[in-house]
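Chains A and B supply the protein sequences, listed in that same order.
Per the numbering used here, the first sequence starts with residue 349, numbered consecutively.
Per the numbering used here, the second sequence starts with residue 60, numbered consecutively.
Glycine included, every Cβ here is placed at the ideal spot set by N, Cα and C.
This one's a predicted model, so the numbers in the text were calculated from it and none came from an experiment.
Here's the structure we're looking at; comments come further down.
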Amino acid sequence: MTSLSAKDKDAVRAFWAKVPGKEELIGADALSRMLAVYPQTKTYFSHWKDLSPGSPQVRKHGKTIVCGVGEAVGKIDNLTAGLLNLSELHAFTLRVDPANFKILSHNLLVVLAVIFPEEFTPEAHVALDKFLASLAGALSEKYR
Amino acid sequence: MVEWTEQERSIITGIFANLSYEEIGPKALVRCLIVYPWTQRYFSSFGNLYNAEAIRGNPNVAAHGIKVLHGLDRAVKNMDNIKATYAELSVLHSEKLHVDPDNFRVSSAGLQQMHSAHLKADRLVSRRLTFPLFLHQLLADCLTIEIAAKLGTAFTADTQAAFQKFLAVVVSALGRQYH
Chain A
349 MTSLSAKDKD
359 AVRAFWAKVP
369 GKEELIGADA
379 LSRMLAVYPQ
389 TKTYFSHWKD
399 LSPGSPQVRK
409 HGKTIVCGVG
419 EAVGKIDNLT
429 AGLLNLSELH
439 AFTLRVDPAN
449 FKILSHNLLV
459 VLAVIFPEEF
469 TPEAHVALDK
479 FLASLAGALS
489 EKYR
Chain B
60 MVEWTEQERS
70 IITGIFANLS
80 YEEIGPKALV
90 RCLIVYPWTQ
100 RYFSSFGNLY
110 NAEAIRGNPN
120 VAAHGIKVLH
130 GLDRAVKNMD
140 NIKATYAELS
150 VLHSEKLHVD
160 PDNFRVSSAG
170 LQQMHSAHLK
180 ADRLVSRRLT
190 FPLFLHQLLA
200 DCLTIEIAAK
210 LGTAFTADTQ
220 AAFQKFLAVV
230 VSALGRQYH
């Protein structure tokens, strides 16, 4: 994937400034959609009792994910270095197939469109899409 | 054979029944051309696509976006036989399609024939073969985003699942016609 231009980074930061306070709302929705629309992803959550949209586990984990993305926004100038520990976690402990990063990213973008229909312009969309792809790349760093 | 539940059928027909083709069609195609700029490759006859402003104001893009939704409409009305619907489209499609991109002309061909003709008319057929398949998926994703923005929270996870399943069947059916 291409690297992020200064314009991309500005666009990502500007858009993400609207997120604080909505991390659980966004995260829970994105995770629920992923589990519903791509049921094969449920395999990673077989240890959860309740995979339904409002469940406490889904809400908590959704918030964790979106907070993680927010942290990555702060490290946007060097995602690989900044996400080293998370990469190790995903690679060695969670062993999430990196193909799923794309799936979650798609659902995150859908949720952003639902919650911020005016602001999620094609210009914001392309910057965020590139950012999430770079993020996924950084998370995949330690896999092999 | 694709199986549809009653709920899925009603979700999909509901989305299209309440959709403004004139509003959403152009927005979806504009988004696709901006977010995935390499897709502009297939619209070189459309005129000015040099920047987001130009793309948004381009009447050919808008017209084509509307056309795409009308094309999907056919599948909505024939959900039990989407594969055959797109194979038949060349017969049932009454509009004359005069596309004159770069160095070849396609006339009066159905949608399916037009899509595969784009491939045959190029020296680099084998490399290009995969592009339009991705194009359909990319456009489908942009349409999903536009519908999500329009419907807001009414675009529930179940709604999204049904809609994406529908688009996946359409994309697969369109892809079948390439050879």
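Minimum Cβ-Cβ distance from residue i to chain B less than 7 Å
{"i": "A:Val353", "result": "Here residue 353 of chain A turns out to be Ser, not Val, going by the sequence shown. With 7 Å as the cut-off, A:Ser353 does not count as an interface residue toward chain B."}
{"i": "A:Ala461", "result": "yes"}
{"i": "A:Pro446", "result": "no"}
{"i": "A:Lys423", "result": "no"}
{"i": "A:Ala384", "result": "yes"}
Contacts that residue i makes with chain B (C-beta to C-beta distance below 9 Å)
{"i": "A:Asp477", "result": "Val94 and Tyr95"}
{"i": "A:Leu487", "result": "What A:Leu487 touches in chain B: nothing, since even the nearest Cβ is about 21 Å away."}
{"i": "A:Leu373", "result": "None at all; the shortest Cβ gap to chain B is about 10 Å."}
{"i": "A:Pro401", "result": "Thr215 and Ala216"}
Length of the line joining the Cα atoms of residue i and residue j
{"i": "B:Cys201", "j": "B:Arg90", "result": "6 Å"}
{"i": "A:Leu442", "j": "A:Ser400", "result": "21 Å"}
{"i": "B:Ala220", "j": "A:Gly410", "result": "19 Å"}
{"i": "B:Asp139", "j": "B:Glu112", "result": "40 Å"}
{"i": "B:Arg182", "j": "B:Ala122", "result": "Note that B:Arg182 scores a pLDDT of 33, beneath 50, so its modelled location is shaky; the value from the coordinates is reported in the next line. Distance between the alpha carbons of B:Arg182 and B:Ala122 is about 29 Å."}
{"i": "A:Gln405", "j": "A:Cys415", "result": "15 Å"}
{"i": "B:Ala72", "j": "B:Val135", "result": "Note on residue identity: the sequence assigns Thr, not Ala, to residue 72 of chain B. In a straight line, the C-alpha of B:Thr72 is about 6 Å away from that of B:Val135."}
{"i": "B:Arg133", "j": "A:Gly418", "result": "42 Å"}
{"i": "B:Gly128", "j": "B:Ala232", "result": "Here residue 128 of chain B turns out to be Leu, not Gly, going by the sequence shown. Using only the alpha carbons, I get a separation of about 16 Å."}
{"i": "A:Ser435", "j": "B:Trp63", "result": "39 Å"}
{"i": "B:Ile114", "j": "B:Asn77", "result": "26 Å"}
{"i": "A:Trp396", "j": "B:His195", "result": "36 Å"}
{"i": "B:Gly116", "j": "B:Leu210", "result": "24 Å"}
{"i": "A:Ser380", "j": "B:Asp217", "result": "10 Å"}
{"i": "B:Ala207", "j": "A:Val459", "result": "8 Å"}
{"i": "A:Val462", "j": "A:Lys370", "result": "13 Å"}
{"i": "A:Gly422", "j": "A:Ser351", "result": "16 Å"}
{"i": "A:Val360", "j": "A:Ile374", "result": "16 Å"}
{"i": "A:Leu437", "j": "A:Glu489", "result": "11 Å"}
{"i": "A:Asn426", "j": "A:Ile413", "result": "19 Å"}
{"i": "A:Phe464", "j": "A:Phe363", "result": "10 Å"}
{"i": "B:Trp97", "j": "A:Asp445", "result": "27 Å"}
{"i": "B:Gln66", "j": "B:Ser103", "result": "40 Å"}
{"i": "B:Ala143", "j": "B:Pro85", "result": "26 Å"}
{"i": "B:Leu21", "j": "A:Asn433", "result": "Absent from the model: residue 21 of chain B. The displayed extent of chain B is 60 to 238, so no value can be given."}
{"i": "B:Ile93", "j": "A:Leu456", "result": "19 Å"}
{"i": "A:Gly485", "j": "A:Phe440", "result": "16 Å"}
{"i": "A:Ile424", "j": "A:Glu471", "result": "18 Å"}
{"i": "A:Glu372", "j": "B:Phe105", "result": "43 Å"}
Closer than 7 Å to chain A by CB, residue i
{"i": "B:Arg90", "result": "yes"}
{"i": "B:Gln99", "result": "no"}
{"i": "B:Ala121", "result": "no"}
{"i": "B:Gly211", "result": "yes"}
{"i": "B:Phe190", "result": "At B:Phe190 the pLDDT is 45, less than 50, meaning the model places this residue with poor confidence and gives no usable figure here."}
{"i": "B:Ala221", "result": "no"}
{"i": "B:His177", "result": "No answer about B:His177 holds up, because its pLDDT of 48 lies below 50 and its placement is not dependable."}
{"i": "B:Val150", "result": "Caution is warranted here: a pLDDT of 39 is assigned to B:Val150, below 50, making its placement in the model unreliable, and the coordinate value is therefore given only provisionally. No, its Cβ sits nowhere closer than 7 Å to a Cβ of chain A."}
Under 7 Å by beta carbon: chain E residues contacting residue i
{"i": "A:Ser380", "result": "Structure shown: chain E not included; protein chains present are A and B."}
Contact list for residue i against chain A, beta-carbon separation under 7 Å
{"i": "B:Thr72", "result": "What B:Thr72 touches in chain A: nothing, since even the nearest Cβ is about 19 Å away."}
{"i": "B:Ala113", "result": "The contacting residues do not exist; B:Ala113 stays about 13 Å from chain A at best."}
Closer than 8 Å at the beta carbon, the chain A residues around residue i
{"i": "B:Ile204", "result": "Leu457, Val458, Ala461, Phe468 and His473"}
{"i": "B:Ala250", "result": "Residue 250 of chain B is absent from the structure shown; chain B starts at 60 and stops at 238."}
Within chain B, the residues that residue i reaches when beta carbons sit closer than 8 Å
{"i": "A:His312", "result": "A question about residue 312 of chain A goes unanswered here, because the residues of chain A that appear run from 349 up to 492."}
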